[in-house]
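Numbering (the working numbering), first residue to last: 922 to 1244.
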């Protein structure tokens, strides 16, 4: 299936971790994938392509560089237009750094950035995910290439709108999606346009909300989602939120919530069994680093400079302290 490729994105703080490297290594070493994959970044100096390829055992990994936006300094305050007593007023509102919406917006630009006419289908996966097994990969590749009979995008879906409960809106997970170069083109373009409106991010910090905003807009105008249609990726078959006690899925998403829920020690013990070389053993979750310090690192209001990997920096600090 040479017309399929995987893609992940690492910018800002994620480029300065070993997450994307570990994700790609697990794709090739554990899931036994042999096709092309792409890492999109605004900080290419943080990613040693030769090391990534050596650890993964494949030369099919490519680095795609976009203009650097991680160096900017962001204000924690935005302004949202509201009406007070019928008068339009711009109200202040605390917001996440706008460099993060820029990173999230790259998901809708993947085919513009990967201009390879031989690749028709891209499987996007967040960088903080790990491939857990070989079983299921062939099935995922078959699912990605099949049943493209109308326009839309394949997402993991938690629920569809229920006609008996109209308040239950479509709930999708944008950290795992499959897009088609031609049949997903309009949807990705509309999604990109929605993500280009700063006020939308001030109102709601979620790229999922931007897709649903476009979904509802097209549905209201056409009577159906049309080219914004969502085709569900089977829940719990390919991806699970990482659970050391239940690893049946192909992919484990190691979110900060999962790390907090299970604890750093348990997550590290599980990951160490995978034998990945892309990060210092025992430091994928930055064990021993206070949560406030981790939050400062990921918050992102300040710009990101220099090329480093926080896991290696923290391991070095702790090694000196322990000595």
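Beta carbons: idealized from backbone N, C-alpha and C, even for Gly. Computed from a predicted model, the values in this text were never measured in an experiment.
Name, in chain order, the residues that DSSP records as bridge partners for residue i.
| i | result |
| --- | --- |
| residue 970 | Note: residue 970 sits in no beta bridge, so no partner. |
| residue 1115 | Residue 1115 is not bridged to any residue. |
| residue 1011 | 1002 |
| residue 983 | 959 |
Looking only at C-alpha atoms, which of the options sits nearest to residue i?
| i | options | result |
| --- | --- | --- |
| residue 936 | 993, 1227, 1155 | 1227 |
| residue 1070 | 1101, 1057, 1050, 958 | 1101 |
| residue 1074 | 1065, 1099, 1216 | 1099 |
| residue 1034 | 959, 1078, 993 | 959 |
| residue 1230 | 966, 1013, 1004 | 966 |
| residue 945 | 1015, 1044, 1177, 1026 | 1044 |
| residue 1147 | 1158, 1175, 1105, 1116 | 1105 |
| residue 1060 | 1188, 954, 1096 | 954 |
| residue 1197 | 1154, 943, 1207 | 943 |
| residue 1180 | 1191, 1172, 927, 1170 | 1191 |
| residue 1152 | 1193, 1093, 1055 | 1093 |
| residue 1030 | 1170, 1117, 1162 | 1117 |
| residue 1078 | 1187, 972, 1155 | 1155 |
| residue 1203 | 1213, 1184, 1221 | 1184 |
| residue 1046 | 1171, 993, 1036 | 1171 |
| residue 1178 | 1199, 1200, 1216 | 1216 |
| residue 1234 | 939, 928, 929 | 939 |
| residue 931 | 1027, 1009, 952 | 1027 |
| residue 1109 | 1010, 1119, 1091, 1133 | 1133 |
| residue 1066 | 925, 1012, 1219, 1212 | 925 |
| residue 1017 | 1125, 1038, 962, 975 | 1125 |
| residue 1209 | 1239, 1220, 1182 | 1239 |
| residue 1042 | 1115, 1072, 1050 | 1072 |
| residue 1252 | 1022, 927, 1007, 989 | Summary: the structure shown does not reach residue 1252, with the chain confined to residues 922 through 1244, and so no result is reported for it. |
| residue 941 | 1242, 957, 1200, 1213 | 1200 |
| residue 986 | 1076, 1056, 929, 1053 | 929 |
Quick one: does the C-beta of residue i sit closer than 8 Å to a heavy atom of the ligand FMN?
| i | result |
| --- | --- |
| residue 930 | With respect to the ligand FMN, the structure offers nothing, as it holds no ligand at all. |
In the structure shown, what three-state DSSP assignment does residue i receive?
| i | result |
| --- | --- |
| residue 935 | helix |
| residue 956 | coil |
| residue 1124 | helix |
| residue 1237 | helix |
| residue 1006 | coil |
| residue 988 | coil |
| residue 927 | strand |
| residue 1019 | coil |
| residue 1223 | coil |
| residue 1243 | helix |
| residue 1229 | coil |
| residue 1215 | helix |
| residue 965 | helix |
| residue 947 | helix |
| residue 996 | coil |
Throw me the rounded Cβ distance for the residue i and residue j pair, which I believe falls under 8 Å.
| i | j | result |
| --- | --- | --- |
| residue 1129 | residue 1121 | Actually they are not in contact, since the Cβ atoms of residue 1129 and residue 1121 sit about 12 Å apart, beyond 8 Å. |
| residue 996 | residue 933 | Going by Cβ atoms, the distance from residue 996 to residue 933 rounds to 16 Å, so no, they are not a contact pair. |
| residue 1135 | residue 1174 | Between residue 1174 and residue 1135 the Cβ distance is about 24 Å, and since that is not below 8 Å, they are no contact. |
| residue 883 | residue 1189 | Given that the chain is displayed from residue 922 to residue 1244, the structure contains no residue 883 and the question cannot be resolved. |
| residue 964 | residue 1225 | 7 Å |
| residue 1009 | residue 1020 | So it is not a contact: roughly 28 Å between Cβ atoms. |
| residue 951 | residue 1195 | 6 Å |
Is residue i close to chain D? Criterion is C-beta to C-beta, closer than 9 Å.
| i | result |
| --- | --- |
| residue 988 | Protein chains in the displayed structure number just one, and chain D is not present. |
TODO: Just list the beta strand (DSSP E) runs in the region 1134–1210, keeping only unbroken ones of 3 residues or longer that don't cross its boundaries, in chain order.
DONE: 1151–1154, 1160–1162, 1172–1174
Open item on the list: List, from N- to C-terminal side, the alpha helix (DSSP H) runs of 4 residues or more that fit wholly inside the region 1033–1111.
Closed with: 1058–1066
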